[in-house]
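Residue numbers for the sequence shown follow our numbering, beginning at 12 and rising by one.
We put the beta carbon where it would ideally sit given N, CA and C, even for glycine.
A short write-up of the structure that comes next.
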Amino acid sequence: MIKPHGGNLVNNFIDSSKIDDDLFALDVDIELKKEVENLSFGVFSPLKGFIGEENFLSILKEGRLSNGLPWTIPIMLDIDDESAKKVRGESEIALRNNGKIFGILYVKDLFSIDKLQAAKSIFQTDDPSHPGVYGYLTMKDTLVEGEVKILNNIDLDDKVRLTPSKVREEIYNRGWKSIVAFQTRNVPHVAHEMLQKSVLNIYDGLFINPLIGKKKTGDFKDEVILETYHALIDNYYPKPKIIFSTLHTKMKYAGPKEAIHHAIMRKNFGCSHIIIGRDHAGVSSYYTPFAAHDIFKAYPDLGIEPIFFPAFYYCKKCINFANERTCPHDQNYKEELSGTKMRKMFLSGEVPPIHLMRPEISQVISSYQNPFVE
Numbered sequence: 012m013i014k015p016h017g018g019n020l021v022n023n024f025i026d027s028s029k030i031d032d033d034l035f036a037l038d039v040d041i042e043l044k045k046e047v048e049n050l051s052f053g054v055f056s057p058l059k060g061f062i063g064e065e066n067f068l069s070i071l072k073e074g075r076l077s078n079g080l081p082w083t084i085p086i087m088l089d090i091d092d093e094s095a096k097k098v099r100g101e102s103e104i105a106l107r108n109n110g111k112i113f114g115i116l117y118v119k120d121l122f123s124i125d126k127l128q129a130a131k132s133i134f135q136t137d138d139p140s141h142p143g144v145y146g147y148l149t150m151k152d153t154l155v156e157g158e159v160k161i162l163n164n165i166d167l168d169d170k171v172r173l174t175p176s177k178v179r180e181e182i183y184n185r186g187w188k189s190i191v192a193f194q195t196r197n198v199p200h201v202a203h204e205m206l207q208k209s210v211l212n213i214y215d216g217l218f219i220n221p222l223i224g225k226k227k228t229g230d231f232k233d234e235v236i237l238e239t240y241h242a243l244i245d246n247y248y249p250k251p252k253i254i255f256s257t258l259h260t261k262m263k264y265a266g267p268k269e270a271i272h273h274a275i276m277r278k279n280f281g282c283s284h285i286i287i288g289r290d291h292a293g294v295s296s297y298y299t300p301f302a303a304h305d306i307f308k309a310y311p312d313l314g315i316e317p318i319f320f321p322a323f324y325y326c327k328k329c330i331n332f333a334n335e336r337t338c339p340h341d342q343n344y345k346e347e348l349s350g351t352k353m354r355k356m357f358l359s360g361e362v363p364p365i366h367l368m369r370p371e372i373s374q375v376i377s378s379y380q381n382p383f384v385e
């Protein structure tokens, strides 16, 4: 099986008895709690905690950690001035969410960044209308570097949220040698199904790993994505060839750099390959359609192989999904298909035809009064 990024899978847990009751407790939101869990479970291996200034600057300049290992998206903890005064000088702090201690942070350093320049490096734009840029510009002023550990009795709130070690165990038990990851933040349409099933003709298994977490307005809600995928797998997939698990982290909308980040995370889950489609992790028109393909040329040492797919459309003459490589017909026969188009159809009260979306999927979406993030 493929090794985790950096060689070892992080597995950082601590017994609650080891956390001093007198420690300052930093309150964090649910999104930050999920990132701490991801760090401790090994999703972000080899990172054991929130990055420091040296690695931060190296990521911005080189797209790599200071030791040269590929890494494109900083994993950060930002705190306000009042919290910074309390954290400064402490070697350990407790991490608390919704009134409950769930982990510990070993404080190494506090530092600040040029938010605008950092955003421009990560997102290739400084336009505050870009959701990722806006997120950086509204960050708190102090970043904390430090290793994290979570309580060893923590209860995952999602039964289909598997840790990297659990997925690796499942891959081993099934005897798979080649595993393809599919990243998604959308409900599945028939072109997605076609892409996913096409790899099963060549590779041992498929790891469907939808991203669950904060998204932009207009994206499908997490519960809609989950329910539609369950309907698709239950009705149309060979279950022994599928592993389904959620990934709890925010979308960054960083286009090509986020594509590398997505690949690294799936490498840590044990995947040998990842599907990279058109406008992967993009938003609006900030990135060219295949920028996420081109960036992989700069990372021959990534350790997980991308599978590139061109833009697909439905050809009314081929009576099938096709692309420029497989279809000779002109634009009159082409019906474009995208997550954006599906969203627009449902917003207008339209149900997609069955050659674009399975009826079971449409039924799930239509059952929601509002299936979209507001």
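If you drop the 5 nearest sequence neighbours on each side, which residues of the same chain put their C-beta closer than 6 Å to that of residue i?
i: Leu-173; result: Ser-256
i: Asp-120; result: Gly-63 and Glu-156
i: Asn-246; result: Glu-371
i: Trp-187; result: Asp-215 and Gly-216
i: Gly-74; result: Thr-83
i: Phe-319; result: Ile-287 and His-304
i: Leu-32; result: Here residue 32 is Asp; the residue named in the question, Leu, does not match the sequence. Closer than 6 Å at the Cβ level, and outside the excluded window around Asp-32, lies no residue.
i: His-273; result: Gln-194
Assuming the contact rule is C-beta atoms closer than 8 Å, residue i and residue j should be a hit. Round their C-beta distance to whole Å, please.
i: Ser-51; j: Lys-160; result: 6 Å
i: Arg-179; j: Gly-281; result: 4 Å
i: Ile-112; j: Ile-165; result: Ile-112 to Ile-165, Cβ: 11 Å. No contact.
i: Val-191; j: Ile-286; result: 6 Å
i: Ser-9; j: Leu-154; result: For the chain, the structure presents residues 12 to 385; residue 9 sits outside this window and is missing.
i: Glu-269; j: Ala-302; result: So it is not a contact: roughly 11 Å between Cβ atoms.
i: Leu-162; j: Gly-114; result: 6 Å
i: Arg-402; j: Pro-321; result: Since the first residue shown for the chain is 12 and the last is 385, residue 402 is missing from the structure and cannot be characterised.
i: Ile-104; j: Leu-43; result: Not really, about 13 Å apart at Cβ, beyond 8 Å.
i: Gln-175; j: Thr-239; result: Position check: residue 175 holds Pro in this sequence, whereas Gln was assumed. That belief does not hold up - the Cβ atoms of Pro-175 and Thr-239 are roughly 25 Å apart, past 8 Å.
i: Arg-354; j: Val-201; result: Contact doesn't hold; Cβ gap of about 16 Å is too wide.
i: Gly-53; j: Pro-85; result: That belief does not hold up - the Cβ atoms of Gly-53 and Pro-85 are roughly 18 Å apart, past 8 Å.
i: Leu-258; j: Leu-222; result: 5 Å
i: Pro-382; j: Phe-231; result: 6 Å
i: Lys-278; j: Ile-25; result: Between Ile-25 and Lys-278 the Cβ distance is about 26 Å, and since that is not below 8 Å, they are no contact.
i: Tyr-298; j: Pro-267; result: 6 Å
Using a Cβ-Cβ cutoff of less than 8 Å, which residues in the same chain neighbour residue i once the five nearest sequence positions on both sides are dropped?
i: Lys-126; result: Tyr-147, Leu-148 and Met-150
i: Lys-250; result: Ile-244
i: Glu-65; result: Ser-77
i: His-366; result: Val-201 and Tyr-325
i: Ser-56; result: Pro-15, His-16, Gly-17, Asn-19, Leu-20, Val-21, Pro-175 and Asn-279
Skipping 5 residues on each side, what residues in its chain have a beta carbon closer than 7 Å to that of residue i?
i: Ala-242; result: Glu-371, Ile-372 and Val-375
i: Glu-385; result: Thr-228
i: Tyr-344; result: Cys-326, Lys-327 and Lys-328
i: Ala-95; result: Leu-121 and Thr-153
i: Thr-260; result: Lys-45, Glu-46, Asn-49, Leu-222 and Gly-224
i: Glu-347; result: Tyr-324
Looking at the structure shown, is residue i part of a helix, part of a strand, or coil, going by DSSP?
i: Val-294; result: coil
i: Asp-38; result: strand
i: Gly-79; result: coil
i: Glu-385; result: coil
i: Phe-67; result: helix
i: Ile-365; result: coil
i: Glu-32; result: According to the sequence shown, residue 32 is Asp rather than Glu. In this structure, Asp-32 counts as coil in the three-state DSSP scheme.
i: Phe-55; result: coil
i: Asp-312; result: coil
i: Val-118; result: strand
i: Arg-99; result: coil
i: Lys-111; result: strand
i: Leu-106; result: strand
i: Ile-13; result: coil
i: Ile-376; result: helix
i: Thr-351; result: helix
i: Ile-84; result: coil
Can you name the residues that DSSP bridges to residue i?
i: Pro-139; result: Answer by DSSP bridge pairing: none, since Pro-139 is not bridged.
i: Tyr-325; result: Phe-332 and Glu-346
i: Gly-60; result: Glu-158
i: Pro-317; result: Ile-285
i: Asp-89; result: Leu-154
i: Ile-306; result: For Ile-306, which the question treats as bridged, DSSP gives no partner whatsoever.
i: Phe-24; result: Ile-161
Output the residue ranges of the alpha helix (DSSP H) runs that lie fully inside the stretch 151-237 and measure 4 residues or longer, sorted by chain position.
175-185 and 201-210
Mind listing, in chain order, the continuous beta strand (DSSP E) runs of no fewer than 3 residues lying wholly within the stretch 239-300?
Counting only runs of 3 or more, we get 253-255 and 284-287.
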